[in-house]
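What follows is one structure encoded as structure tokens, with my remarks underneath.
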Amino acid sequence: MITKGHFPRLFPGYRDKLWNRRLTPAGRTPLPQWTRPDGLKEEVPVTQASLERRTLDQLSVAGLFLWHLPGNILIAVLKTYRRFISPAYGQVCRFFPSCSAYALEAVTVHGAVKGSWYAARRILRCHPWNAGGLDPVPAPAHVHWDDPSAVPLIVQLNHPDYFLAVQAETPSRPTASGE
Numbered sequence: 000m001i002t003k004g005h006f007p008r009l010f011p012g013y014r015d016k017l018w019n020r021r022l023t024p025a026g027r028t029p030l031p032q033w034t035r036p037d038g039l040k041e042e043v044p045v046t047q048a049s050l051e052r053r054t055l056d057q058l059s060v061a062g063l064f065l066w067h068l069p070g071n072i073l074i075a076v077l078k079t080y081r082r083f084i085s086p087a088y089g090q091v092c093r094f095f096p097s098c099s100a101y102a103l104e105a106v107t108v109h110g111a112v113k114g115s116w117y118a119a120r121r122i123l124r125c126h127p128w129n130a131g132g133l134d135p136v137p138a139p140a141h142v143h144w145d146d147p148s149a150v151p152l153i154v155q156l157n158h159p160d161y162f163l164a165v166q167a168e169t170p171s172r173p174t175a176s177g178e
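Each residue of the sequence shown is one higher than the last, beginning at 0 in numbering that gives the first Met the number 0.
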């Protein structure tokens, strides 16, 4: 059983929120409340439709989590490789972007299945008899990044010619010296 003294001082206000809210008879979900113009709070009745909508919202969040889980796992593996293993090898890749950066961009932009296919094709092209060179990830047909701040960082790093040109066209912020 959770007591009021159970929560440490790391969560200020959490204990008050936990103990001051009213629970449904089942004791599972808090009843929604609204404030009347005179300042008194009234409980809003929970209907079957609102419970079904909440359940569908929770299912859609869980579904999206499961849908993106393979891609997120691949991205975590690739970032771990780039952080800890790749620096030990140094700059030995014949291509730009490197194979790990290519795979990370492909999975980020195209998803787990198609991105893995692009990454596997790239790794098969990476052998001593290939001259290497510039080999960008194919651009997705359905994604257009008009706002440079919405573009994933790996895409910006792998396409410096485009994104540096976009940054040069945007007005810069004034410096501290007022120039």
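Backbone N, C-alpha and C define an ideal beta-carbon position, used for all residues, glycine too.
Measuring straight from C-alpha to C-alpha, what distance separates residue i and residue j?
i: Ser85; j: Tyr161; result: 26 Å
i: Pro137; j: Arg53; result: 39 Å
i: Leu103; j: Gly114; result: 8 Å
i: Phe94; j: Ala130; result: 8 Å
i: Pro96; j: Asp134; result: 7 Å
i: Ser59; j: Trp128; result: 48 Å
i: Asn157; j: Gln57; result: 36 Å
i: Leu123; j: Trp116; result: 11 Å
i: His214; j: Pro151; result: Any question about residue 214 goes unanswered here, given that the chain covers just 0 to 178.
i: Val112; j: Gly70; result: 8 Å
i: Asp146; j: Pro159; result: 16 Å
i: Ala140; j: Val154; result: 15 Å
i: Lys78; j: Gly132; result: 23 Å
i: Ala149; j: Tyr80; result: 25 Å
With a Cβ-Cβ cutoff of 9 Å, do residue i and residue j count as a contact?
i: Arg82; j: Cys98; result: no
i: Ile72; j: Thr107; result: no
i: Ala105; j: Ala118; result: yes
Which residue wins for smallest C-alpha separation from residue i, given the options the options?
i: Val76; options: Leu65, Gly89 and Ala100; result: Ala100
i: Leu63; options: Ala149, Gly110, Ala105 and Tyr88; result: Gly110
i: Cys92; options: Ala61, His126 and Thr79; result: His126
Have a look at the DSSP bridge pairing and note the partners of residue i.
i: Gly132; result: Phe94
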